[in-house]
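Asks: Below is the structure I would like to discuss, written out as structure tokens.
In this note's numbering, the protein residues as written are 23 to 315.
See below:
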């Protein structure tokens, strides 16, 4: 953990269809150049993915994922710690062999073989809460209101069940990271409530908590017509809020802006200026002088 007390996980999607940056870094050359940008911007780690996790996204074969990400992972791993965002054990195995040190599982341990791969490789495991597959998930933020009782209690319970499955597959607690899965099988109200109660999630979790709010559609709660790349302010506010509540990792698209915000907040909180004294009273002015002010 760096001096901020939080790791900034920069997103590098090598996909044509991710919700906010699909196609931006699709070629290996462009993706590697973007890795350099993320490192320069101040990322502590880079999350590389070759399959979109947006709702209704079609599955991408392990072969196709590897054709997109393997050389990017190998390139990035010489510069910075790398996580591979995949639900495929085959992809995870190859990327960990190429230098990645973590697996980002957005499926909530649907296939425990993925956890077995991470355990064999002694990799970190980002276990995100979700329900079902991406193909089954409806459009962004349209999940039924009554799908949860208390969304935080339900998410913590379901995540704990998944965590037990990955422990049985060989993962130790010191390899686990908890991600409540903002936007995954949740509507905007669910996601906002989870973010609002991050401190509760941190308190209930025995492992570090990762918050990935960046550019997500629930942020339109506060700016209805903002497109994904127009949600920078909301994304930064969410990251700052999560870190103040105890999150240890934030997954973001806009690394430099997030780093600036975190560093500025830390500087202001650690070095609060002395109280500014009021201006001296002008004793030369009489009370009568102010009567017509």
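Glycine is no exception: its CB is placed at the ideal position from the N, C-alpha and C atoms.
Bear in mind that the values here come from a model prediction, so they are computed numbers and not experimental data.
1. Please report the straight-line C-alpha distance between residue 137 and residue 118, rounded to a whole angstrom.
2. For residue 61 versus residue 270, is the C-beta distance shorter than 8 Å?
3. Is any heavy atom of the ligand SAH found at a distance shorter than 7 Å from the C-beta of residue 272?
4. With H, G and I counted as helix, E and B as strand and the rest as coil, what does DSSP make of residue 355?
5. Are residue 202 and residue 247 touching if we call contact CB-CB under 8 Å?
6. Would you give the residue range spanned by the alpha helix (DSSP H) that residue 277 belongs to?
7. Mind checking which residues open and close the beta strand (DSSP E) that includes residue 321?
8. Examine the Cβ distances between the region 121 to 129 and the region 167 to 183 and report whether three or more of them are shorter than 8 Å.
9. Classify residue 272 as helix, strand or coil using the three-state DSSP reduction.
10. Since residue 108 and residue 114 are thought to touch, with beta carbons under 8 Å apart, how far apart are those beta carbons, to the nearest angstrom?
11. Residue 288 to residue 204, Cα distance in whole Å?
12. What's the gap between the Cα of residue 297 and the Cα of residue 290?
13. Thinking C-alpha only, which one of 97, 216, 71 is nearest residue 232?
14. Taking only the alpha-carbon atoms, compute the straight-line gap between residue 121 and residue 95 and give it to the nearest angstrom.
15. Smallest Cα separation from residue 31: which of 72, 102, 38?
16. Along the chain, where does the beta strand (DSSP E) containing residue 117 start, and where does it finish?
17. Return the Cβ separation of residue 135 and residue 111 in integer angstroms, given the expectation that the two are a contact with Cβ distance under 8 Å.
18. Would you report the Cα separation of residue 241 and residue 277, rounded to the nearest angstrom?
19. Using the C-alpha atoms, what's the distance from residue 224 back to residue 186?
20. How many angstroms separate the CA atom of residue 38 from the CA atom of residue 49?
21. Express the C-alpha separation of residue 168 and residue 70 in angstroms, rounding to a whole number.
22. Between which two residues does the alpha helix (DSSP H) containing residue 95 stretch?
23. Closest to residue 73 by CA distance: which of 67, 65, 82 is it?
Replies: Taking the coordinates as given:
1. Translated into the one-based positions of the chain shown, residue 137 becomes position 115. Translated into the one-based positions of the chain shown, residue 118 becomes position 96. When rounded, the distance between both Cα atoms is 12 Å.
2. Position 39 of the chain shown, counting from 1, holds the residue named residue 61. Position 248 of the chain shown, counting from 1, holds the residue named residue 270. Their beta carbons are not under 8 Å apart, which means residue 61 does not touch residue 270 by this criterion.
3. Absence of the ligand SAH from the depicted structure is noted, as is the absence of any ligand whatsoever, leaving it without description.
4. With the chain running from 23 to 315 in the structure shown, residue 355 is simply not present.
5. For the purposes of this step, residue 202 is identified with residue 180 of the chain shown, where counting begins at 1. For the purposes of this step, residue 247 is identified with residue 225 of the chain shown, where counting begins at 1. For residue 202 and residue 247, no; Cβs fall outside 8 Å.
6. Reading the chain shown from its first residue, position 255 is the one you call residue 277. Element bounds for residue 277: 277 to 292.
7. Outside the modelled stretch of the chain, which goes from 23 to 315, sits residue 321, for which no answer is possible.
8. no
9. Locating residue 272 in the chain shown gives position 250, where the first residue counts as 1. Looking at residue 272 - three-state DSSP - the assignment turns out to be strand.
10. Reading the chain shown from its first residue, position 86 is the one you call residue 108. Reading the chain shown from its first residue, position 92 is the one you call residue 114. Contact holds; Cβ gap of about 6 Å.
11. Along the chain shown, one-based indexing puts residue 288 at 266. Along the chain shown, one-based indexing puts residue 204 at 182. In a straight line, the C-alpha of residue 288 is about 25 Å away from that of residue 204.
12. Your numbering for residue 297 matches position 275 in the chain shown. Your numbering for residue 290 matches position 268 in the chain shown. Confidence at residue 297 is low in this model, with a pLDDT of 44, below 50, so its placement is unreliable and the value that follows should be read with caution. Each residue's alpha carbon lies about 13 Å from the other.
13. One-based indexing of the chain shown puts residue 232 at position 210. Of the candidates 97, 216, 71, the one whose C-alpha sits nearest the C-alpha of residue 232 is 216.
14. By 1-based counting over the chain shown, the position of residue 121 is 99. By 1-based counting over the chain shown, the position of residue 95 is 73. The alpha-carbon atoms of residue 121 and residue 95 are separated by roughly 7 Å.
15. Numbered from 1 along the chain shown, position 9 holds the residue referred to as residue 31. Nearest option by C-alpha distance: 102.
16. As a first step, residue 117 must be located in the chain shown, where it is residue number 95. Note, residue 117: premise wrong, no beta strand (DSSP E); alpha helix (DSSP H) at 111 to 119.
17. Walking along the chain shown from the start, residue 135 turns up at place 113. Walking along the chain shown from the start, residue 111 turns up at place 89. With a Cβ gap of about 4 Å, residue 135 and residue 111 count as contacting.
18. Mapped onto the chain shown, residue 241 falls at position 219. Mapped onto the chain shown, residue 277 falls at position 255. Their Cα atoms are separated by approximately 18 Å.
19. Taking the first residue of the chain shown as position 1, residue 186 is located at position 164. Taking the first residue of the chain shown as position 1, residue 224 is located at position 202. Roughly 18 Å separates the two Cα atoms.
20. Position 16 of the chain shown, counted from the start, is the residue given in the question as residue 38. Position 27 of the chain shown, counted from the start, is the residue given in the question as residue 49. So the two alpha carbons sit approximately 10 Å from each other.
21. Counting from 1 along the chain shown, the entry for residue 70 is found at position 48. Counting from 1 along the chain shown, the entry for residue 168 is found at position 146. Answer to the nearest angstrom: the Cα atoms are 34 Å apart.
22. If you number the chain shown from 1, residue 95 lands on position 73. Counting along the chain, the alpha helix (DSSP H) containing residue 95 begins and ends at 84 to 99.
23. Taking the first residue of the chain shown as position 1, residue 73 is located at position 51. If we check each option's Cα against that of residue 73, 82 comes out closest.
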